[in-house]
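> Following this message is one structure expressed as structure tokens.
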Amino acid sequence: MRRRDFLGVLGGAVAWPAMAHAQQPTKTVGVLGAGGAAAWAPMIAGFEQRLRELGWINGGNVAIVYRWAEGKSEGFRDIAAEFVKLKVDVILTAGSAVPVAKQVTSTIPIVFAVAVDPVASGFVESLARPGGNVTGLSLQSRDIAPKRIEILREAIPGLSRIAVLANAGYPPSTRESEIVQKVAGKVGIGVNALRINRAVDIAPAIASLNGGSQALYVCTESLVVTNAANINALARSAHVATLWGAREFIRTDGFISYGPNEVDQFRLSADYVDKILKGAKPADLPVAQPTKIDLAINLKTAKALGLVIPESFLVRADEVIE
98 MRRRDFLGVL GGAVAWPAMA HAQQPTKTVG VLGAGGAAAW APMIAGFEQR LRELGWINGG
158 NVAIVYRWAE GKSEGFRDIA AEFVKLKVDV ILTAGSAVPV AKQVTSTIPI VFAVAVDPVA
218 SGFVESLARP GGNVTGLSLQ SRDIAPKRIE ILREAIPGLS RIAVLANAGY PPSTRESEIV
278 QKVAGKVGIG VNALRINRAV DIAPAIASLN GGSQALYVCT ESLVVTNAAN INALARSAHV
338 ATLWGAREFI RTDGFISYGP NEVDQFRLSA DYVDKILKGA KPADLPVAQP TKIDLAINLK
398 TAKALGLVIP ESFLVRADEV IE
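In the working numbering, the protein residues as written are 98 to 419.
Set out below in structure tokens:
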């Protein structure tokens with residue numbers, strides 16, 4: 098399917114194939130898109146493909162209802178409340194929307210496809226025994242943060258100062274920012290901590306660096322993901338290399354990413370949704386942890402920033418964007 102056609106499907110409340118009149122959906126999945134349709138498009142494509150492999154046809158035996166908060170946390174509650182009224186069978190979302198969704202419903206199963214640290218965030222009681230109505234897939238970003246700093250030091254010889262961008266309204270991101278500051282400090286790297294609350298805060302935050310940082314570590318969550326292209330463009334203009342938690346966010350002017358493959362995360366989330374639609378309880382489905390971490394680098398951005406990446410580093414990358 099062409100991308101513009103796919104986004105057209107996502108723009109509707111429910112995607113109904115021509116066969117819809119012949120078979121009424123027996124189950125309903127509500128997708129609380131914490132970000133925007135465009136940013137989530139690759140992940141949603143993977144999710145729907147895996148559902149089809151498992152026998153769930155959107156508009157056939159299942160209806161998938163999409164709602165997009167566009168990175169605005171104030172929209173999470175209204176969308177979750179709408180799903181309660183629709184009596185959806187399961188809600189699929191990202192970690193940033195989980196706390197609000199949990200407040201709105203304690204009975205409808207909630208699956209998070211990505212979450213920075215679901216235990217510390219209070220989403221689940223433990224990875225092995227989630228308890229309650231929430232389960233899903235963890236990014237374990239706090240555990241990966243030290244490796245990301247190591248990678249930045251390899252990619253940017255002489256790295257002496259970085260900035261870390263975090264949504265102040267999302268505790269997992271602020272905790273990750275604190276870890277980055279501690280790890281960087283131990284290896285002699287100075288850190289500028291940038292805290293944002295809204296999209297309009299991004300430009301002045303990056304402008305405040307004023308050439309003082311060589312790299313920008315982005316704590317990934319819905320607000321920054323929705324504004325990824327803008328963050329990358331602003332950082333590149335400021336001659337700052339960005340580091341992201343997933344390769345999808347470095348394709349437009351980003352520099353490097355290190356983290357679980359988010360398309361795979363959403364594909365795996367379909368397995369959780371499948372089990373729940375067939376009667377499984379979230380409390381009985383352990384939270385999955387990433388088994389493979391991807392390294393990707395955008396050479397076009399590296400060249401624009403005047404960075405020469407060692408060949409030994411490039412051969413280790415899972416993807417090199419040229």
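Beta carbons are placed, not taken as given, at the ideal position from N, Cα and C, and that holds for glycine.
Measure the Cβ-Cβ separation of V213 and E359 and say whether it is below 9 angstroms.
no
> Determine, using beta carbons only, whether T123 and I161 come nearer to each other than 9 angstroms.
no
> Hey, how far is the Cα of E275 from the Cα of T388?
25 angstroms
> Could you have a look at E167 and say whether DSSP puts it in helix, strand or coil?
coil
> Would you call the segment 166 to 185 and the segment 242 to 259 in contact, with 3 or more CB pairs under 8 angstroms?
no
> Are R83 and G143 close, meaning C-beta to C-beta below 9 angstroms?
The requested residue 83 is not part of the displayed model; the chain covers only 98 to 419.
> For A296 versus N324, is the C-beta distance shorter than 9 angstroms?
In contact: A296 and N324 (Cβ atoms closer than 9 angstroms).
> Count the other CB atoms within 10 Å of the CB of P206; is the residue buried (16 or more) or exposed (fewer)?
buried
> Mind listing, in chain order, the continuous beta strand (DSSP E) runs of no fewer than 3 residues lying wholly within the segment 236 to 311?
Runs found: 258 to 264 and 287 to 293.
> Can you tell me whether R272 is buried or exposed, with buried defined as 16 or more other CB within 10 angstroms of its CB?
buried
> Given E419, which residues of its chain have a CB within under 7 angstroms of its CB, disregarding the five upstream and five downstream residues?
Taken in chain order, the residues that qualify are L396 and K397.
> Pick out the complete beta strand (DSSP E) segments inside the segment 344 to 384, 3 residues or longer, and give them in chain order.
Every unbroken stretch of the beta strand (DSSP E) spanning 3 or more residues and falling wholly within the segment 344 to 384 is given here in chain order: 353 to 356.
> Given this structure, state the Cα-to-Cα distance separating I154 from V128, to the nearest angstrom.
15 angstroms
> Using 9 angstroms as the threshold, is the C-beta distance between P215 and S235 below it?
yes
> Are A263 and S270 close, meaning C-beta to C-beta below 9 angstroms?
The answer is yes: Cβ separation under 9 angstroms.
> Take the Cβ of G356 as the centre, count every other Cβ of all protein chains shown within 10 Å, and call the residue buried at 16 or more, exposed below.
buried
> Taking the beta carbon of G211 as the centre, do at least 16 other beta carbons fall within 10 Å, making it buried, or is it exposed?
Gly is not the amino acid found at residue 211; the sequence shown has Val there. Around the beta carbon of V211, 16 or more other beta carbons lie within 10 angstroms, which makes this residue buried.
> So, for L306: in the same chain, excluding its five sequence neighbours on each side, which residues have a beta-carbon less than 7 angstroms away from its beta-carbon?
A260, N289, A335 and V337
> Quick one: what's got a C-beta closer than 6 angstroms to Y267's C-beta in the same chain, skipping five residues either side?
S193 and E318
> Using CA coordinates, which residue listed in I286, A302 and N158 is at the minimum distance from I293?
The option with the nearest alpha carbon to I293 is A302.
> Report the residue from Q386, E179 and A135 whose alpha carbon sits nearest the alpha carbon of F346.
A135
> Would T190 be called buried (16 or more neighbouring beta carbons within 10 Å of its own) or exposed?
buried
> For T232, which residues in the same chain have their Cβ closer than 7 angstroms to its Cβ, ignoring the five residues on either side in sequence?
Only residues of its own chain outside the window of five on either side were considered, and among them V208, V221, Y369, P379, L382 and V384 have a CB closer than 7 angstroms to the CB of T232, listed in chain order.
> For V159, count neighbouring C-beta atoms within 10 Å of its own C-beta (all shown protein chains included) and say buried if the count is 16 or more, exposed if not.
Only buried fits V159, as 16 or more other CB atoms lie within 10 angstroms of its CB.
> Based on DSSP bridge pairs, tell me the residues matched to K124.
V159
> Are there 16 or more other CB atoms within 10 angstroms of the CB of E145, so buried, or fewer, so exposed?
E145 should be labelled buried.
> Using 9 angstroms as the threshold, is the C-beta distance between F410 and E251 below it?
In contact: F410 and E251 (Cβ atoms closer than 9 angstroms).
> What is the DSSP secondary structure of L151, counted as helix, strand or coil?
In the three-state scheme derived from DSSP, where H, G and I count as helix and E and B as strand, L151 is classed as coil.
> Could you check what DSSP says for A194 in three-state terms: helix, strand or coil?
Secondary structure at A194: helix, using DSSP grouped into helix, strand and coil.
> Is the beta carbon of S310 closer than 9 angstroms to that of R258?
yes
> Leaving aside the five residues before and after H118 along the sequence, list all residues of the same chain whose C-beta is less than 6 angstroms from its C-beta, in chain order.
Bear in mind that a pLDDT of 46 at H118, under 50, signals an unreliable position, so the model cannot answer this.
> On the DSSP bridge list, what partners appear for V315?
L262
> Going by beta carbon distance, what residues of the same chain come within less than 6 angstroms of G133, once the five residues before and after it are set aside?
So the list reads W165, E167 and T323, once near-sequence residues are dropped.
> For A338, report the span of its beta strand (DSSP E) as first-last.
A338 to W341
> Would you kindly report the start and end of the unbroken alpha helix (DSSP H) that includes L411?
E408 to L411
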